[in-house]
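Quick note: my numbering has the sequence shown finishing at residue 387, numbered continuously throughout.
Have a look at the structure below before the remarks.
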Amino acid sequence: MVAPLVGPGRAGALPAGLSRACREPDTPLQRTLLLTGRMNDELSLPAPPRRIGRILLLSLVVLGAGGAAFVLRRPLMMSAPRCTAGRWHGCLDTFNGVVFVGLATVPPALLVAAALAHRRRAAGVAGAWRRSLAEVGMVHGTVPLVWLTMMPGGGAGTVPERVSLVPFRDLETMGALGIAGNLVIFAAPAFFAPIRFAALATVPRVLALGAGCSVLVETAQYVLRLDRVSSVDDVLVNATGALLAGLASRRWWRSG
132 MVAPLVGPGR AGALPAGLSR ACREPDTPLQ RTLLLTGRMN DELSLPAPPR
182 RIGRILLLSL VVLGAGGAAF VLRRPLMMSA PRCTAGRWHG CLDTFNGVVF
232 VGLATVPPAL LVAAALAHRR RAAGVAGAWR RSLAEVGMVH GTVPLVWLTM
282 MPGGGAGTVP ERVSLVPFRD LETMGALGIA GNLVIFAAPA FFAPIRFAAL
332 ATVPRVLALG AGCSVLVETA QYVLRLDRVS SVDDVLVNAT GALLAGLASR
382 RWWRSG
């Protein structure tokens, strides 16, 4: 009968000194080498996916604003002198003027978002950049477009209210530009609201958000007699645009 190996003579066992040295660094040189190796490993790690997503989102916003400004540079420059001089007439009461102001305020809006994010990070709030960009994006991306839809027509206050409740009847008269405008009017809140508020991070609620905002605008146009047609087609197209915008931001929606 062969006696089992115990103690230092056990098969596969390392000497006590060598085993302890492999388990933990005992000398300053070993600690330094271990720390250096860990730092190199950390430096070689790729950027976190969330950081990459934020960079891509900011890049898309800047590129979109710059592209729109380049395409519309000539008509926008027609309103620039009046807007920079602070004149109401010819600036905020025209399409070109409102678009010019909206594009010109993109850099200040980004600065506001950065200030909010810095304040939240200092307070230890999680998702500071996401919250701040979503809040500023909802406001800045919605106010100019809603302002355009609430601009009165030539017969405001004198012509009777007009309502169109037959679906798809007004689509032919909208034209491509009108349909595109109705698609994007509530795209910003639908895109950013689920990112900011977990309660809205579902497809039905995003659709309801777009439809509800559209109904409010159409009702205001009717009550204020702005010489505009309150149409159910506007609500349908607005809600569709909101749904598409919400789906585009789905990967960043909050959960819980």
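Glycine included, C-beta positions come from ideal geometry on N, C-alpha and C.
Here the structure is a predicted model, which is why all the values come from computation and not from measurement.
Query - Length at least 4, wholly inside the region 218-299: the alpha helix (DSSP H) runs in chain order - result: Taking only runs of at least 4 residues, the alpha helix (DSSP H) segments lying wholly in the region 218-299 are 226-235, 237-253, 259-271, 274-280.
Query raised in the report: By how many angstroms is the C-alpha of PRO335 removed from the C-alpha of ALA351?
Result: Cα-Cα distance, rounded: 24 Å.
Query raised in the report: If you check the beta carbons only, do MET269 and ALA319 fall under 8 Å apart?
Result: It is a contact, given that the beta carbons lie within the stated cut-off.
Report task. Compute the Euclidean distance between the alpha carbons of ARG218 and ALA287, then round it to the nearest angstrom. Result -> Answer to the nearest angstrom: the Cα atoms are 22 Å apart.
Report task. Name the two residues that bound the continuous alpha helix (DSSP H) containing SER345. Result -> Element bounds for SER345: 334-355.
**Report entry** CB of TRP384 within 8 Å of CB of PRO325, strictly
**Finding:** Yes, these two residues count as a Cβ contact at 8 Å.
Query raised in the report: Between SER361 and VAL290, is the Cβ-Cβ spacing less than 8 Å?
Result: No. Outside cutoff.
Query raised in the report: So, is VAL256 buried or exposed, given that buried needs 16 or more other C-beta atoms within 10 angstroms?
Result: Taking every protein chain shown into account, the CB of VAL256 has fewer than 16 other CB atoms within 10 angstroms, so this residue is exposed.
Query raised in the report: What separation, rounded to the nearest whole angstrom, lies between the Cα atoms of MET170 and ARG182?
Result: Bear in mind that the predicted position of MET170 carries a pLDDT of just 46, short of 50, making it too unreliable to give a figure here.
Query - Coarse secondary structure for SER362, derived from DSSP in three states - result: Note: SER362 maps to strand in three-state DSSP.
Query raised in the report: Does DSSP put SER190 in a helix, in a strand, or in coil?
Result: SER190: helix per DSSP, three-state reduction.
Query raised in the report: Residues in its own chain within less than 6 Å of GLY276 by CB, not counting five upstream and five downstream?
Result: It should be noted that the sequence gives Leu, not Gly, for residue 276. Once the five neighbours on either side are set aside, the close Cβ partners of LEU276 are ILE316.
**Report entry** CA-to-CA distance, ASP358 to GLY341, given in whole angstroms
**Finding:** Their backbone Cα atoms lie some 23 Å apart in a straight line.
Query - Segment limits, alpha helix (DSSP H) that includes LEU308 - result: Per DSSP, LEU308 belongs to the alpha helix (DSSP H) from 302-315.
**Report entry** N- and C-terminal bounds of the alpha helix (DSSP H) containing ARG385
**Finding:** In this chain, ARG385 is not harboured by any alpha helix (DSSP H), its DSSP state being neither H nor E.
Requested in this report: Identify whether ALA216 lies in helix, strand or coil by the three-state DSSP scheme.
Outcome: Residue state, collapsed to three classes: coil.
Query raised in the report: So, are the CB atoms of LEU247 and SER263 less than 8 Å apart?
Result: For LEU247 and SER263, yes; Cβs fall inside 8 Å.
Query raised in the report: If you drop the 5 nearest sequence neighbours on each side, which residues of the same chain put their C-beta closer than 7 Å to that of SER210?
Result: Non-local C-beta neighbours of SER210 in its own chain, meaning closer than 7 Å and more than five positions away in sequence, comprise GLY221, CYS222, THR225, ASN227, GLY228, PHE231, ordered along the chain.
Query raised in the report: Terminal residues of the continuous alpha helix (DSSP H) containing PHE323?
Result: 318-327 is the span of the alpha helix (DSSP H), which, as asked, contains PHE323.
**Report entry** Cβ neighbours of ALA240 in the same chain (closer than 6 Å, five flanking residues each side left out)
**Finding:** Cβ neighbours of ALA240 beyond the five flanking positions: VAL267, HIS271.
Report task. My understanding is that ALA364 touches SER345, with C-beta atoms under 8 Å, so please give their C-beta distance in whole angstroms. Result -> According to the sequence as given, residue 364 is Asp; it is not Ala. Actually they do not touch by this definition, with Cβ atoms about 10 Å apart.
Query - C-alpha gap between VAL237 and VAL193, whole angstroms - result: Cα to Cα, the separation comes out at about 8 Å.
Query raised in the report: Count the other CB atoms within 10 Å of the CB of VAL368; is the residue buried (16 or more) or exposed (fewer)?
Result: Buried, because 16 or more other Cβ atoms sit within 10 Å of the Cβ of VAL368.
**Report entry** Collapsed DSSP secondary structure at SER210 in the structure displayed
**Finding:** Residue state for SER210 is assigned as helix, using DSSP reduced to three classes.
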